[in-house]
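A.B. asks: Residue numbering for the sequence shown is 1 to 683, as defined by UniProt numbering.
Beta carbons: idealized from backbone N, C-alpha and C, even for Gly.
Everything numeric in this text was worked out from a predicted model, so none of it was measured.
After the structure tokens below, expect a handful of questions from me.
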Amino acid sequence: MAPVADPKSKRYDRQLRIWGTHGQQRLESCCICLLNCGPTGSETLKNLVLGGIASFTIVDGGKVEARDLGNNFLVSASSLGEPRAKVVTELLQELNESVSGSYVEEVPEVLIADNPAFFSGFDLVIATQMREQDAVALDAICRATGRARLLLVRSYGLVGYLRASLPEHRIVESKPDSQLDDLRLNAPWPELSAFAASFPLEQLDEVAHAHVPYVVLLLQAAERWRGSHGGALPASGADKSAFKAAVGSMRRTADGVPLPSENFDEALKAAFHVWTPYSIPSEVRALLADDAASLGGGGGGGGGSGLGPGSDDFWILVAALQAFVEAEGGGCLPLEGSIPDMHATTDLYLRLAAVYRDKAERDTAAVAGHVRRLLAAAGRPADSIPADTIKSYCRHARHLRCVRYRTLAEETAPDTARGGALAAALAAGGGGFLGPTDAPPGSSDAALYVLLRAADRFFAQTGRYPGDGAGDPADDVPLLRQAAQQVGGGREGGGRGRRVAVAVAVAVAGQGRAGQGGAGQDGSTAACGLRLRRRDEASVRARSHARSFHSSNGPMPTASAAATSPSHHVCAPRCTAPPPQVLIDTGVVPGGAGGGSASGGGFNPRKSPDSSSGSGAAAAAAVSEDLIAEFCRFGAAELHVIAAFMGGVGAQEAIKLVTRQFVPLAGSLLYNAMAATTTVLEL
Numbered sequence: 001m002a003p004v005a006d007p008k009s010k011r012y013d014r015q016l017r018i019w020g021t022h023g024q025q026r027l028e029s030c031c032i033c034l035l036n037c038g039p040t041g042s043e044t045l046k047n048l049v050l051g052g053i054a055s056f057t058i059v060d061g062g063k064v065e066a067r068d069l070g071n072n073f074l075v076s077a078s079s080l081g082e083p084r085a086k087v088v089t090e091l092l093q094e095l096n097e098s099v100s101g102s103y104v105e106e107v108p109e110v111l112i113a114d115n116p117a118f119f120s121g122f123d124l125v126i127a128t129q130m131r132e133q134d135a136v137a138l139d140a141i142c143r144a145t146g147r148a149r150l151l152l153v154r155s156y157g158l159v160g161y162l163r164a165s166l167p168e169h170r171i172v173e174s175k176p177d178s179q180l181d182d183l184r185l186n187a188p189w190p191e192l193s194a195f196a197a198s199f200p201l202e203q204l205d206e207v208a209h210a211h212v213p214y215v216v217l218l219l220q221a222a223e224r225w226r227g228s229h230g231g232a233l234p235a236s237g238a239d240k241s242a243f244k245a246a247v248g249s250m251r252r253t254a255d256g257v258p259l260p261s262e263n264f265d266e267a268l269k270a271a272f273h274v275w276t277p278y279s280i281p282s283e284v285r286a287l288l289a290d291d292a293a294s295l296g297g298g299g300g301g302g303g304g305s306g307l308g309p310g311s312d313d314f315w316i317l318v319a320a321l322q323a324f325v326e327a328e329g330g331g332c333l334p335l336e337g338s339i340p341d342m343h344a345t346t347d348l349y350l351r352l353a354a355v356y357r358d359k360a361e362r363d364t365a366a367v368a369g370h371v372r373r374l375l376a377a378a379g380r381p382a383d384s385i386p387a388d389t390i391k392s393y394c395r396h397a398r399h400l401r402c403v404r405y406r407t408l409a410e411e412t413a414p415d416t417a418r419g420g421a422l423a424a425a426l427a428a429g430g431g432g433f434l435g436p437t438d439a440p441p442g443s444s445d446a447a448l449y450v451l452l453r454a455a456d457r458f459f460a461q462t463g464r465y466p467g468d469g470a471g472d473p474a475d476d477v478p479l480l481r482q483a484a485q486q487v488g489g490g491r492e493g494g495g496r497g498r499r500v501a502v503a504v505a506v507a508v509a510g511q512g513r514a515g516q517g518g519a520g521q522d523g524s525t526a527a528c529g530l531r532l533r534r535r536d537e538a539s540v541r542a543r544s545h546a547r548s549f550h551s552s553n554g555p556m557p558t559a560s561a562a563a564t565s566p567s568h569h570v571c572a573p574r575c576t577a578p579p580p581q582v583l584i585d586t587g588v589v590p591g592g593a594g595g596g597s598a599s600g601g602g603f604n605p606r607k608s609p610d611s612s613s614g615s616g617a618a619a620a621a622a623v624s625e626d627l628i629a630e631f632c633r634f635g636a637a638e639l640h641v642i643a644a645f646m647g648g649v650g651a652q653e654a655i656k657l658v659t660r661q662f663v664p665l666a667g668s669l670l671y672n673a674m675a676a677t678t679t680v681l682e683l
């Protein structure tokens, strides 16, 4: 009778096949904080709750309103007027009773400013619909905790945005889409060569001959080739074809006709293993040479960025792998020890698998010796890294990865922004308003990145987003066009001196005309021009004076007892000076005379554009007016169809970070629903 699977295995059967029990254990021990539970946040967290996280806490200061019913499936008409965080928490817990949930009735921006220690209790913070200034502050807080990883997810009209931020993300099981089997047929070790030589192919009967593993066939053919070619393996195209012909000639024949043999078919498909020299992947070579895996001054491990008592196990093991490569490995990483399926008898397959397994175990033992030595040199107990962990690293040595993230402050500050990379992305295009093939100039996905950042600047100045005022969204289009001409006169010079008119027009979205609105993007503004008004966030903030923390068992005291005055909840601009244009800040366009700086000829809605400015005309062609107009028509709407897509992508990236499997995105993801394209910008 077959064993009965436990309920948990049944529930999570499909995902266990993807990331295994160890990945599921990491997921089930993860505590997540969600900031803002609009449709984007709710969709993201829903997917993670279904996956089986340990717990979640929602931070949101809003109430359920009628307009929430149109874009958030995790609220209902019966909950109108109730705290949105409470309603979403209760409905999410119905999806998976093994996940505990709690909520905080507070505006996230206020919590970030008043109680940064709150975030130290979470493994992952998912901040949705967060403006740039608050995201920068939250990023610094999460990094300071040493535990919390930050994931930003945003839906803005028909645009989606996602970015992870943490010092570095170390991956053992990167699981590439395609990978070569680690067979080492180009340079077999003695035991494998001896195993292959033990088969007298000419003396085997037809049945036994048809079940010889293809590894044996290739190694014997390679040995014969070496004998007739001075020890060399096939190198040229002609040699490779001749080698395959030699393998084919080893088939048994009947009346001169080769008999069909599946093992020989497999050998011909895998023949490239013989002439392909072993090489360590470039990503792994970079890790082996990384300063974090060096002992530094004389092997003490405590100086500089090298190994020390506080080093992560990942870097200790990387250093051990480097030592193995230089010594026992002879330039090779430890053998993985597994072989693919192949046509062979069960006995022969198991014998061949044992040869590979024994070699892998010897390599692992050698690496373990280096680990003990390095731990002692770093001032840690020699047994502080379990044997199973060492074995896992050796088995996945070819697929180790490490992703390092720039801080949001570095990405957005003028002195550290990668203006050249952004300029190249803006010039290269890729996607656009009309699609990837017929997009007009200036409508690339990279322009959406600048427009998103510019919209936050717009909000900081006006208290509303472009197109989100009481008037017609089209009223903001001339202002953006005028601002494009005002800031288009930057001069060459400096380290970022290339003037890229391709993107100048979008720089001005951070400067708008006065108005009043909200920070959340909860409403809906369709691309066709149908305008659904968003909630007034100021009123939501005014209602969230009382700060309280709730679990599924009822109210609980918050971690901070600091009182918050009503004025703290109103989204007033934090700075009175006009913010510098986005593209000047990022170095895409140099500042200076006519460059649109805050102190000079920046955007002024009362000032007529200088039609004589040649750069203004270039700016108008830089970012298409259709794209700017469409962005204004968005009105910062949070459409459910975009939120659902971004919720799926966000949950996928969150699972990568939590399970430490697969490689997360290394930059900012832009989803352009107008053209059905995605772009990743590493800035």
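Sort out for me which residues DSSP pairs residue 63 with in a bridge.
C.D. replies: 83
A.B. asks: For residue 28 and residue 629, what's the separation of their Cα atoms in angstroms?
C.D. replies: Roughly 45 Å separates the two Cα atoms.
A.B. asks: Would you mind sorting residue 133 into buried or exposed? The rule is 16 or more other CB atoms within 10 Å of its CB.
C.D. replies: So residue 133 counts as buried.
A.B. asks: Since residue 690 sits in a beta bridge, which residues does DSSP pair it with?
C.D. replies: Any question about residue 690 goes unanswered here, given that the chain covers just 1 to 683.
A.B. asks: Which same chain residues, not among the five before or five after residue 41, have their C-beta less than 6 Å away from its C-beta?
C.D. replies: 34 and 128
A.B. asks: Do residue 295 and residue 310 come within 8 Å of each other at the CB atom, strictly closer than that value?
C.D. replies: no
A.B. asks: Tell me the residue span of the alpha helix (DSSP H) that contains residue 51.
C.D. replies: 39-51
A.B. asks: Suppose you measure from the CA of residue 85 to the CA of residue 271; what does that come to, to the nearest Å?
C.D. replies: 60 Å
A.B. asks: Which same chain residues, not among the five before or five after residue 163, have their C-beta less than 6 Å away from its C-beta?
C.D. replies: 152 and 668
A.B. asks: Tell whether a beta-carbon distance below 8 Å holds between residue 334 and residue 364.
C.D. replies: yes
A.B. asks: Which value, in whole angstroms, describes the spacing of the CA atoms of residue 53 and residue 73?
C.D. replies: 21 Å
A.B. asks: Go ahead and label residue 386 buried or exposed: buried means 16 or more other beta carbons lie within 10 angstroms of its beta carbon, across all protein chains shown.
C.D. replies: So residue 386 counts as exposed.
A.B. asks: Would you please verify whether the beta carbon of residue 172 is less than 8 Å from any beta carbon of chain B?
C.D. replies: No chain B is present in this structure, which holds just one protein chain.
A.B. asks: Hey, out of 635, 399 and 464, whose CA is closest to residue 179's CA?
C.D. replies: A check of alpha carbon separations from residue 179 across 635, 399 and 464 identifies 399 as the nearest.
A.B. asks: Please state the DSSP three-state secondary structure of residue 337.
C.D. replies: coil
A.B. asks: In whole angstroms, give me the CA-to-CA distance for residue 415 and residue 144.
C.D. replies: Residue 415 and residue 144: Cα-Cα distance of roughly 22 Å.
A.B. asks: Looking only at C-alpha atoms, which of 138, 167 and 115 sits nearest to residue 126?
C.D. replies: 138
A.B. asks: Do residue 247 and residue 317 have their C-beta atoms closer together than 8 Å?
C.D. replies: no
A.B. asks: Could you tell me the distance, in whole angstroms, from the CA atom of residue 374 to the CA atom of residue 215?
C.D. replies: 37 Å
A.B. asks: Just list the alpha helix (DSSP H) runs in the stretch 354-414, keeping only unbroken ones of 4 residues or longer that don't cross its boundaries, in chain order.
C.D. replies: 387-395 and 408-412
A.B. asks: Drop a sphere of 10 angstroms on the beta-carbon of residue 259, count the other beta-carbons inside from all chains shown, and report buried for 16 or more, exposed for fewer.
C.D. replies: Classification of residue 259: exposed, given that the 10 Å Cβ count is below 16.
A.B. asks: Can you give me the C-alpha to C-alpha distance between residue 267 and residue 202, rounded to a whole angstrom?
C.D. replies: 17 Å
A.B. asks: From what residue to what residue does the beta strand (DSSP E) around residue 126 run?
C.D. replies: 124-128
A.B. asks: Between residue 766 and residue 232, what straight-line distance do the alpha-carbon atoms span, to the nearest angstrom?
C.D. replies: The structure shown has nothing for residue 766, since the chain only spans 1 to 683.
A.B. asks: Going by DSSP in three states, residue 17 sits in which element: helix, strand or coil?
C.D. replies: helix
A.B. asks: Per DSSP, which one or two residues make a beta bridge with residue 688?
C.D. replies: The structure shown does not extend to residue 688, since the chain is modelled only from 1 through 683, so no value can be given for it.
A.B. asks: For my contact list, residue 39 and residue 643 are in at a C-beta cut-off of 8 Å; report their separation, rounded to the angstrom.
C.D. replies: 4 Å
A.B. asks: Return the residue from the list 656, 670 and 624 that minimises the CA-CA distance to residue 403.
C.D. replies: Comparing Cα positions, the closest option is 656.
A.B. asks: Any contact of the stretch 347-361 with the stretch 186-196, i.e. 3+ C-beta pairs under 8 Å?
C.D. replies: yes
A.B. asks: Tell me where the beta strand (DSSP E) around residue 677 begins and ends.
C.D. replies: 677-681
A.B. asks: To which residues of the same chain is residue 673 closer than 8 Å at the C-beta, ignoring the five residues directly before and after it?
C.D. replies: Cβ neighbours of residue 673 beyond the five flanking positions: 158, 159, 160, 641, 642 and 645.
A.B. asks: Decide if residue 676 is buried, meaning its Cβ has at least 16 other Cβ atoms within 10 Å, or exposed.
C.D. replies: exposed
A.B. asks: If you reduce the DSSP assignment to three classes, tell me which class residue 141 lands in.
C.D. replies: helix
A.B. asks: What did DSSP end up calling residue 349 once you bin it into helix, strand or coil?
C.D. replies: Note: residue 349 maps to helix in three-state DSSP.
A.B. asks: If we ignore side chains and look at the alpha-carbon of each, how far apart do residue 453 and residue 413 end up?
C.D. replies: Looking at the two C-alpha atoms, the distance is approximately 12 Å.
A.B. asks: Using the rule of at least 16 other Cβ atoms within 10 Å of the residue's Cβ for burial, across every protein chain shown, is residue 220 buried or exposed?
C.D. replies: buried
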